[in-house]
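Quick notes on the structure that follows.
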Amino acid sequence: MERYHPSEVYELFVRHMNTPRVAVDNGVCATATLVQVHSARKHGVLLEAVAALSDHGVCVRKGYISSDDGRWFMDVFHVTDAAGRKVADADALLSRLESSLLADAALPPPPPASSPATLLELGGADRPGLLSEVFAVLHDLRCGIVDARAWTHGGRVAALVFVRDEETGAPIDDAARVRRVESRLRHVLRGGARGARTIPITTAAVNMDRRLHQLLNEDREEEEAGSPSEQAEPAAVAVQDWGERGYSVVTVSCRDRPKLLFDVVCTLTDLDYVVYHGTFDTDGDHARQGVRLELRISDRRGLLAYVTRVFRENSLSVTHAEITTRDDTAMNVFHVTDVAGRPADPKTIDEVIQRIGTESLRVDEERWPRLCSTDGDTGGRAGGAGFFSLGSLVRKNLFNLGLIRSCS
């Protein structure tokens, strides 16, 4: 019989007591799926829950966050699919939440199966066809793309691209080659606050959504430091210092859009603030952000360069992209608009599908979350509206109250 040291037994007991409990129920609410998360309080646990909901592609319609003296918390989320219906795959959503939240409560997991790759962090000014040019450069430099994700907002773009050598499948770590890749990509990006840099890493070690959020924040703040600009979208962010109660109240009111709750929680977490209590709600009509195109095809050299070139030649702009390769199969998602940020012409979409292949590329608009629209909203680029960052606004209000200090 295997014997454990008393300290190990105590550690297992504490982990068991602190294990998060998750419930997903379709029977409580008539219009939404109810998600409940109970857990011991630890820094970042709320962000993990919100990130898991975001990754699953559900829309958080409203919710409540409560905590008793900061040691235990309960979160309740009312979620739907992108069409406003209850979540059909409740078991899959439950599994995703549990795997995300139980990672730290269980015994240490085995090392990730993902093999090492080289991470390219890209940032700069967005323009039509930029993603196509980036993939063309990587194809020319014989860099195989394993995974990638790109966000756009307010005329800026941030992307994470995992690459390996096409011939050997090994990470790209030769110093001269790294400098050449970075130099070519900086030329394509035409400068910018972040430019391009490479990092040896495993794909399992990166929370891609959170890093993209940080890159867009950093890029925007560095750009504004040189030439301050007006806020791209109307938003109201207020911070009140309730010293007698021992906390501050942050109020955010703005147009809804995908990942808004994730961005708010991510910003507060990065500032080392803990959310003890909170409520959030959405209302109004909804509008879609672009057309979602799903590509599933056998991977081959130059595939992404070809696909994004077809988009560019048909005057389509990619506002969001998710690139994944599994077992020699490319499973990619692109959200596209026309070059002016307006909804793409259905005839153009049909032509692109015919050219790339009707069995490989298809339209799936319903899965992408919708945006709340307001009267008189003339928009702008749909991609920009879809990824509004609240980081700088929250920071400015916290700084004015003396709750954080300037690092300059």
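According to my numbering, the sequence shown is numbered sequentially starting from 516. Beta carbons: idealized from backbone N, C-alpha and C, even for Gly. This one's a predicted model, so the numbers in the text were calculated from it and none came from an experiment.
Looking at the unbroken alpha helix (DSSP H) that takes in residue 791, where does it start and where does it end?
The residue labelled residue 791 in the question sits at position 276 within the sequence shown. First-last for residue 791: undefined, no H or E at that position.
With H, G and I counted as helix, E and B as strand and the rest as coil, what does DSSP make of residue 864?
For the purposes of this step, residue 864 is taken as residue 349 along the sequence shown, with counting starting at 1. In this structure, residue 864 counts as helix in the three-state DSSP scheme.
What's the C-alpha gap between residue 668 and residue 731?
Reading the sequence shown from its first residue, position 153 is the one you call residue 668. Reading the sequence shown from its first residue, position 216 is the one you call residue 731. Distance between the alpha carbons of residue 668 and residue 731: 8 Å.
Determine, using beta carbons only, whether residue 577 and residue 796 come nearer to each other than 7 Å.
Taking the sequence shown and counting its residues from 1, one reaches residue 577 at position 62. Taking the sequence shown and counting its residues from 1, one reaches residue 796 at position 281. Their beta carbons are under 7 Å apart, which means residue 577 touches residue 796 by this criterion.
Look at the alpha carbon of residue 661 and the alpha carbon of residue 847, and state the distance between them as a whole number of angstroms.
Numbered from 1 along the sequence shown, position 146 holds the residue referred to as residue 661. Numbered from 1 along the sequence shown, position 332 holds the residue referred to as residue 847. Using only the alpha carbons, I get a separation of about 11 Å.
Excluding five sequence neighbours on each side, which residues of the same chain lie with their C-beta closer than 6 Å to the C-beta of residue 672?
Here residue 672 refers to the residue found at position 157 of the sequence shown. If we look at residue 672 and ignore the five residues flanking it on each side, its Cβ neighbours are 641.
Rounded to whole angstroms, what's the CA-CA distance from residue 563 to residue 607? Just pull it up for me.
As a first step, residue 563 must be located in the sequence shown, where it is residue number 48. As a first step, residue 607 must be located in the sequence shown, where it is residue number 92. Near 16 Å, if we compare the C-alpha coordinates of residue 607 and residue 563.
Would the segment 694 to 706 and the segment 860 to 879 be scored as touching if the rule is three or more Cβ pairs under 8 Å?
no
Measuring alpha carbon to alpha carbon, tell me which residue in 808, 600, 693 and 700 is nearest residue 872.
Translated into positions along the sequence shown, residue 872 becomes position 357. Ranking the options by Cα distance to residue 872, first place goes to 808.
Would residue 851 pass as a contact of residue 859 if the rule is Cβ separation under 7 Å?
By 1-based counting over the sequence shown, the position of residue 851 is 336. By 1-based counting over the sequence shown, the position of residue 859 is 344. Their beta carbons are under 7 Å apart, which means residue 851 touches residue 859 by this criterion.
Which partner residues of residue 577 appear in the DSSP bridge assignment?
For this step, residue 577 is matched to residue 62 along the sequence shown. The partner list for residue 577 (beta bridge, DSSP) reads 593 and 796.
Using the three-state DSSP reduction, which class does residue 655 fall into: helix, strand or coil?
As a first step, residue 655 is located in the sequence shown; it is residue number 140 there, counting from the start. Looking at residue 655 - three-state DSSP - the assignment turns out to be helix.
Buried or exposed: residue 540, going by 16 or more other Cβ atoms within 10 Å of its Cβ?
Indexing the sequence shown from 1 puts residue 540 at position 25. Exposed.
Quick one: residues in its chain with C-beta nearer than 6 Å to the C-beta of residue 837, no 5 flanking neighbours on either side, listed in chain order?
Here residue 837 is taken as the residue at index 322 of the sequence shown, counted from 1. Here the set comprises 664 and 848.
Distance, residue 779 Cα to residue 751 Cα
On the sequence shown, residue 751 is found 236 positions in, with the first residue counted as 1. On the sequence shown, residue 779 is found 264 positions in, with the first residue counted as 1. So the alpha carbons of these two residues sit roughly 13 Å apart.
Would you be able to state if there are at least three C-beta pairs under 8 Å between the segment 824 to 832 and the segment 588 to 605?
no
Of the residues 638, 596, 588 and 687, the one placed nearest residue 631, counting alpha carbons only
As a first step, residue 631 must be located in the sequence shown, where it is residue number 116. Answer by Cα proximity: 687.
Nearest to residue 547 (by Cα), restricted to the options 638, 582, 593 and 570:
For this step, residue 547 is matched to residue 32 along the sequence shown. The candidate whose alpha carbon is nearest that of residue 547 is 593.
Run of the alpha helix (DSSP H) containing residue 549, from where it starts to where it stops:
Locating residue 549 in the sequence shown gives position 34, where the first residue counts as 1. Note, residue 549: premise wrong, no alpha helix (DSSP H); beta strand (DSSP E) at 548 to 555.
Rounded separation between residue 674 and residue 767 - CA only:
Indexing the sequence shown from 1 puts residue 674 at position 159. Indexing the sequence shown from 1 puts residue 767 at position 252. Rounded to the nearest angstrom, the two C-alpha atoms are 27 Å apart.
Beta carbon of residue 636, beta carbon of residue 659: below 7 Å?
Position 121 of the sequence shown, counting from 1, holds the residue named residue 636. Position 144 of the sequence shown, counting from 1, holds the residue named residue 659. Cβ distance not < 7 Å, so residue 636 and residue 659 don't count as in contact.
Determine the contact status of residue 791 and residue 582, defining contact as a CB-CB distance below 7 Å.
Numbered from its first residue, the sequence shown carries residue 791 at position 276. Numbered from its first residue, the sequence shown carries residue 582 at position 67. Yes; because the gap between Cβ atoms is below 7 Å, this pair is in contact.
Pop quiz: residue 568 and residue 575 are said to be a contact at Cβ under 8 Å. What is the actual Cβ separation, rounded to whole angstroms?
Numbered from its first residue, the sequence shown carries residue 568 at position 53. Numbered from its first residue, the sequence shown carries residue 575 at position 60. Rounded, the Cβ-Cβ distance is 6 Å, consistent with contact.
Pairwise C-alpha distance: residue 690 and residue 654:
By 1-based counting over the sequence shown, the position of residue 654 is 139. By 1-based counting over the sequence shown, the position of residue 690 is 175. For residue 654 and residue 690, the distance between alpha carbons rounds to 19 Å.
Assumed close pair residue 634, residue 713 - CB separation to whole angstroms, cut-off 8 Å
Residue mapping note: residue 634 aligns to position 119 of the sequence shown, counting from 1. Residue mapping note: residue 713 aligns to position 198 of the sequence shown, counting from 1. That pair is a contact at about 7 Å.
Quick one: what's got a C-beta closer than 8 Å to residue 543's C-beta in the same chain, skipping five residues either side?
Reading the sequence shown from its first residue, position 28 is the one you call residue 543. Only 549 meet the Cβ criterion.
Here's the rule I'm using: 16 or more other beta-carbon atoms within 10 Å means buried, otherwise exposed. How should residue 832 be labelled?
Position 317 of the sequence shown, counted from the first residue, corresponds to residue 832. Flag for residue 832 reads buried.
Could you tell me the distance, in whole angstroms, from the CA atom of residue 536 to the CA atom of residue 555?
Locating residue 536 in the sequence shown gives position 21, counting from the first residue. Locating residue 555 in the sequence shown gives position 40, counting from the first residue. Computed Cα separation, rounded: 10 Å.
For residue 685, count the other beta carbons within 10 Å of its own beta carbon; 16 or more makes it buried, fewer makes it exposed. Which is it?
Here residue 685 refers to the residue found at position 170 when the sequence shown is read from its first residue. Counting Cβ neighbours within 10 Å, residue 685 comes out exposed, since fewer than 16 surround it.
With DSSP run on the structure shown, which of helix, strand or coil describes residue 681?
By 1-based counting over the sequence shown, the position of residue 681 is 166. Looking at residue 681 - three-state DSSP - the assignment turns out to be coil, as it is neither helix nor strand.
Which residue from 571, 589 and 572 puts its Cα closest to that of residue 579?
The residue labelled residue 579 in the question sits at position 64 within the sequence shown. Nearest option by C-alpha distance: 589.
Can you tell me whether residue 773 is buried or exposed, with buried defined as 16 or more other CB within 10 angstroms of its CB?
Working through the sequence shown from its first residue, we reach residue 773 at position 258. Residue 773 is buried by the Cβ-count criterion.
Mind checking who residue 775 pairs with in its DSSP beta bridge?
In the sequence shown, counting from the first residue as 1, residue 775 sits at position 260. In the DSSP output, where bridge partners are listed per residue, residue 775 has none listed.
Give the secondary structure of residue 692 by DSSP, where H, G and I count as helix, E and B as strand, and everything else as coil.
Taking the first residue of the sequence shown as 1, we reach residue 692 at position 177. Of the three classes helix, strand and coil, the one that applies to residue 692 here is helix, per DSSP.
From the DSSP output, in three-state form, read off residue 847 for me.
Locating residue 847 in the sequence shown gives position 332, where the first residue counts as 1. It is a strand residue.
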